[in-house]
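> Please see the structure below; I have some questions.
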Amino acid sequence: MIDVPNKHYHGHIVGNDVYLNENQDNIDWLKTALHEVVHSDFDYGDLSNKKEHTTLLAEKWAMCESRRMFKEMFEKSY
Numbered sequence: 020m021i022d023v024p025n026k027h028y029h030g031h032i033v034g035n036d037v038y039l040n041e042n043q044d045n046i047d048w049l050k051t052a053l054h055e056v057v058h059s060d061f062d063y064g065d066l067s068n069k070k071e072h073t074t075l076l077a078e079k080w081a082m083c084e085s086r087r088m089f090k091e092m093f094e095k096s097y
């Protein structure tokens with residue numbers, strides 16, 4: 020956890036270290052952690068340049084995959 024007083028910062032990953040904004044709520048921490056796990060498992064290289072096409076694709080895919088994982092874990096219909 021790191022203290023970032025910016026509501027738009029959720030978290031990021033550097034190498035094997037995952038940073039989550041301690042100013043977000045628990046659900047946001049979980050969703051951010053899932054998002055960063057997707058990056059950790061499937062992406063490589065530097066994704067810090069948000070204007071590069073490959074970064075945009077990786078972010079979009081991580082967003083979609085982490086949402087799918089969240090729904091699978093917590094929103095199953097019985």
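Sequential numbering of the sequence shown, starting at 20, is according to my numbering. The C-beta atom is built at its ideal place from N, Cα and C for all residues, glycine as well.
Helix, strand or coil: which one does DSSP assign to L66?
Of the three classes helix, strand and coil, the one that applies to L66 here is coil, per DSSP.
> For G34 and A77, what's the separation of their Cα atoms in angstroms?
Rounded to the nearest angstrom, the two C-alpha atoms are 16 Å apart.
> Distance, Cα to Cα, V106 vs P24?
Outside the displayed span of the chain (20 to 97) sits residue 106, for which this structure offers no information.
> Go ahead and pull the three-state DSSP assignment for V57.
Of the three classes helix, strand and coil, the one that applies to V57 here is helix, per DSSP.
> Taking a contact to mean a Cβ-Cβ separation below 9 Å, would you say T81 touches D65 in this structure?
In the sequence on display, residue 81 carries Ala and not Thr. No, these two residues do not count as a Cβ contact at 9 Å.
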